[in-house]
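Numbering (my numbering), first residue to last: 4 to 426. The beta carbon of each residue, even a glycine, is placed where N, CA and C say it ideally should be.
Here you go:
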């Protein structure tokens, strides 16, 4: 949809408000995408100088506007608990993304490409009218650099990336994780957003900043309904494998995995299996969320709604399952209920990641620790897919997790570290 006449006042007003400091004004826009569940729009913005004046420096004439304005029907007052959680997850995720672009993104080195933020708006009615003074939904807007000018190749909804794009994406993630691994203590000094229903207990405009305490959107604390569905699914092999209590600890394997992977809310907590390796993770790594340069040698990621603390390998679990060609992971036949140990292809990708994250962070990531973290991330990612719906390299993921669950060293490590987290 291209707008030239009769364009909605809201988009025009917001765009011009954000462009004015650059001495620009809106010429026209194109709606590229409607946000999930009617929460707003992403628009391509074309500009012209304001009053025929000069723009600041080498300001582009092309931008991306992300305008978030939740529908009135999304109010928690009129919805069920599960709908409340979904609404809160979306709303907080947009606040998190705004915080990332306005407070953290500019710190990244040039070889970890993200869009520059030209301007942002966060209109919170409660801040102006008192906590109960308005039932209007917050409005969030981001005016971002158009990454397509430097990275014109869209990842899009493809089943797998080209090999060169896989290497470029892995390189970007390793550098992103390595950069923030070295600065995780600084990130923790800021506000960390809790799981949606927990966060709601601290609601208010003062809670609009910060990244997620637990990066990503699939962790167990925020997917209890799906977990309950999987527990009751007698047709799924993963119902008993992941959801039934382990007699020696009286908790399910899925719950133990979640405990180990969950970052502690307090930076002063007793060190755990992951605390020394925590970094910022992207949280939603997939081909649709990246652009590549013409040569295919570099990528830029976007969509930082679920950026937060965690293990970098949790980003890799989704990347490998959803965007890496199967032949780069294994060439073995995966029919039936086969179990698969790590193969050379998978190991090579992880070792490439290991070298880069260690080089960038200046910290050592021993292979044994990386392998344990990786196995744990795969089990957790499979738990989500089994409860939500499988897609991607499903046969590989299931085969790998069958092998992991038979690995007594990993099981021992998992139980010991989950128990240590509870002390």
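Please classify residue i as buried or exposed, where buried requires at least 16 other C-beta atoms within 10 Å of its C-beta.
{"i": "residue 193", "result": "exposed"}
{"i": "residue 64", "result": "exposed"}
{"i": "residue 69", "result": "buried"}
{"i": "residue 237", "result": "exposed"}
{"i": "residue 73", "result": "buried"}
{"i": "residue 133", "result": "With a pLDDT of 44 at residue 133, under the threshold of 50, the modelled position of that residue is not reliable, and no figure is offered here."}
{"i": "residue 37", "result": "exposed"}
{"i": "residue 41", "result": "exposed"}
{"i": "residue 109", "result": "exposed"}
{"i": "residue 393", "result": "exposed"}
{"i": "residue 241", "result": "buried"}
{"i": "residue 268", "result": "exposed"}
{"i": "residue 35", "result": "exposed"}
{"i": "residue 370", "result": "exposed"}
Using C-beta distances below 6 Å, list every residue in its chain close to residue i, excluding the 5 sequence neighbours before and after it, in chain order.
{"i": "residue 212", "result": "102 and 194"}
{"i": "residue 67", "result": "147 and 149"}
{"i": "residue 373", "result": "357"}
{"i": "residue 328", "result": "163"}
{"i": "residue 377", "result": "316"}
{"i": "residue 227", "result": "none"}
{"i": "residue 100", "result": "307 and 308"}
Between residue i and the rest of its own chain, which residues show a CB-CB distance below 7 Å, the 5 nearest in sequence each way excluded?
{"i": "residue 289", "result": "321, 325 and 326"}
{"i": "residue 239", "result": "233 and 389"}
{"i": "residue 291", "result": "158, 159 and 160"}
{"i": "residue 293", "result": "158, 172, 302, 303 and 304"}
{"i": "residue 359", "result": "174, 177, 178 and 181"}
{"i": "residue 231", "result": "none"}
{"i": "residue 165", "result": "299"}
Determine the direct distance from the alpha carbon of residue j to that of residue i, and round the result to whole angstroms.
{"i": "residue 265", "j": "residue 12", "result": "43 Å"}
{"i": "residue 203", "j": "residue 331", "result": "43 Å"}
{"i": "residue 281", "j": "residue 54", "result": "49 Å"}
{"i": "residue 368", "j": "residue 205", "result": "36 Å"}
{"i": "residue 157", "j": "residue 170", "result": "16 Å"}
{"i": "residue 275", "j": "residue 47", "result": "45 Å"}
{"i": "residue 365", "j": "residue 423", "result": "27 Å"}
{"i": "residue 122", "j": "residue 185", "result": "28 Å"}
{"i": "residue 343", "j": "residue 403", "result": "5 Å"}
{"i": "residue 200", "j": "residue 347", "result": "42 Å"}
{"i": "residue 271", "j": "residue 399", "result": "38 Å"}
{"i": "residue 426", "j": "residue 307", "result": "33 Å"}
{"i": "residue 180", "j": "residue 45", "result": "27 Å"}
{"i": "residue 94", "j": "residue 341", "result": "41 Å"}
{"i": "residue 131", "j": "residue 125", "result": "Its pLDDT being 46, under 50, residue 131 is placed unreliably in this model, and the value from its coordinates should be taken loosely. So the two alpha carbons sit approximately 12 Å from each other."}
{"i": "residue 111", "j": "residue 262", "result": "30 Å"}
{"i": "residue 345", "j": "residue 333", "result": "9 Å"}
{"i": "residue 415", "j": "residue 387", "result": "23 Å"}
{"i": "residue 98", "j": "residue 412", "result": "41 Å"}
{"i": "residue 287", "j": "residue 310", "result": "8 Å"}
{"i": "residue 22", "j": "residue 29", "result": "8 Å"}
{"i": "residue 90", "j": "residue 257", "result": "25 Å"}
Grouping DSSP H, G and I as helix and E and B as strand, with all else coil, what is residue i?
{"i": "residue 248", "result": "strand"}
{"i": "residue 309", "result": "coil"}
{"i": "residue 159", "result": "coil"}
{"i": "residue 368", "result": "coil"}
{"i": "residue 117", "result": "coil"}
{"i": "residue 70", "result": "strand"}
{"i": "residue 133", "result": "Model confidence at residue 133 stands at a pLDDT of 44, short of 50, so the residue's coordinates are unreliable and nothing is read from them."}
{"i": "residue 329", "result": "helix"}
{"i": "residue 81", "result": "Because the pLDDT at residue 81 is just 47, under 50, the model does not fix this residue reliably, and the point stays unresolved."}
{"i": "residue 415", "result": "helix"}
{"i": "residue 304", "result": "strand"}
{"i": "residue 382", "result": "helix"}
{"i": "residue 185", "result": "coil"}
{"i": "residue 273", "result": "coil"}
{"i": "residue 314", "result": "coil"}
{"i": "residue 52", "result": "strand"}
{"i": "residue 111", "result": "coil"}
{"i": "residue 13", "result": "helix"}
{"i": "residue 32", "result": "strand"}
{"i": "residue 146", "result": "strand"}
{"i": "residue 239", "result": "coil"}
{"i": "residue 214", "result": "strand"}
{"i": "residue 64", "result": "coil"}
{"i": "residue 268", "result": "coil"}
Excluding five sequence neighbours on each side, which residues of the same chain lie with their C-beta closer than 8 Å to the C-beta of residue i?
{"i": "residue 312", "result": "187, 190, 191, 195, 214, 215, 216, 217, 218, 266, 281, 282, 283 and 284"}
{"i": "residue 1", "result": "No answer is possible for residue 1: it lies beyond the span of the chain, which begins at 4 and ends at 426."}
{"i": "residue 361", "result": "181, 367 and 368"}
{"i": "residue 505", "result": "There is simply no residue 505 to check, as the chain begins at 4 and stops at 426 in what is shown."}
Chain B beta carbons: is any one of them nearer than 8 Å to that of residue i?
{"i": "residue 242", "result": "Going by chain labels, chain B is absent from the structure shown, which holds only one protein chain."}
Practice problem: Give a yes or no on contact between the stretch 395 to 408 and the stretch 350 to 358, applying the rule of three or more CB pairs nearer than 8 Å. | Solution: Counting Cβ pairs under 8 Å, fewer than three are found: no touch.
Quiz prompt | Inter-stretch contact at 8 Å, needing at least 3 Cβ pairs: the stretch 113 to 123 / the stretch 298 to 314 | solution = Output reads yes: the stretch 298 to 314 touches the stretch 113 to 123.
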